[in-house]
Structures are given as C-alpha cells and as structure tokens.
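Q: According to our numbering, the sequence shown is numbered sequentially starting from 113.
Backbone N, C-alpha and C define an ideal beta-carbon position, used for all residues, glycine too.
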Amino acid sequence: MGKFEKGNAGRPKGAKNKVNPQMRDLIQKLFDDNYQIIQQDLEVLEAKDRLKFLSDLLPYLIPKLQSTTHNQKIDVQNMSDKDLDILIERIVNE
C-alpha cells in the first residue's frame, strides 16, 4: 500500500484492521500463559489502578460494540403478510 494521495478514500468502510486480531491473540496468550502471576500482581494494586489496568486491556480482549442507527423507514401498512413475516423473523433472530 502506497502513501496517502488526494482522492484516495483509504480503507473501505467496515474493513477490519489486521493488527487488532493479531494483537488481541498475543495479549490473550500473554494472559493465558501468565494468569497466576498477573492475578497476584493485580491483588496488590489499589482498586483504581486495578480497574485502569483491566479497562486499558479490555478492548483487545472483547471487541467494542458499535452503535448503529437505521434511518430507513418501513411502510408496514403496505407490506404483504409474507413480507411482514420475513421482517419479524429477521428482527427476532438478530
């Protein structure tokens, strides 16, 4: 990938950052391999420092939830029963 040029849209919307999954795996392995030591170190920290440590690493272990908004209006008055059933099924299963 070359340097940024005017008119280049950059990474496509929704494209995953390749570094994050690799970093997440490395941090998870670090925790798995050193759980007892990390637990002992955490126990001697003050509560605020313990919470800061955990909150700083949480995004690498658990993906952040992204808020989504839907601006599309659905005209249920004019939908067929079949289309309504499909819509209800999607809402229930998502």
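(1) What is the DSSP secondary structure of Asn146, reduced to helix, strand or coil?
(2) Taking the alpha-carbon positions, what's the Lys194 to Pro171 distance?
(3) Within this structure, are the beta carbons of Ile139 and Leu169 separated by less than 8 Å?
(4) If you run the structure through DSSP and keep just helix, strand and coil, what is Lys125?
(5) One question on the structure: do Val188 and Leu196 come within less than 8 Å of each other, judged by their Cβ atoms?
(6) On the DSSP letters alone, give me the boundaries of the alpha helix (DSSP H) that Asn190 sits inside.
(7) Would you report the Cα separation of Asn132 and Leu142, rounded to the nearest angstrom?
A: Looking at the coordinates:
(1) coil
(2) 41 Å
(3) Cβ distance < 8 Å, so Ile139 and Leu169 count as in contact.
(4) Note: Lys125 maps to coil in three-state DSSP.
(5) yes
(6) Asn190 -> no alpha helix (DSSP H), and no H or E assigned at all.
(7) 15 Å
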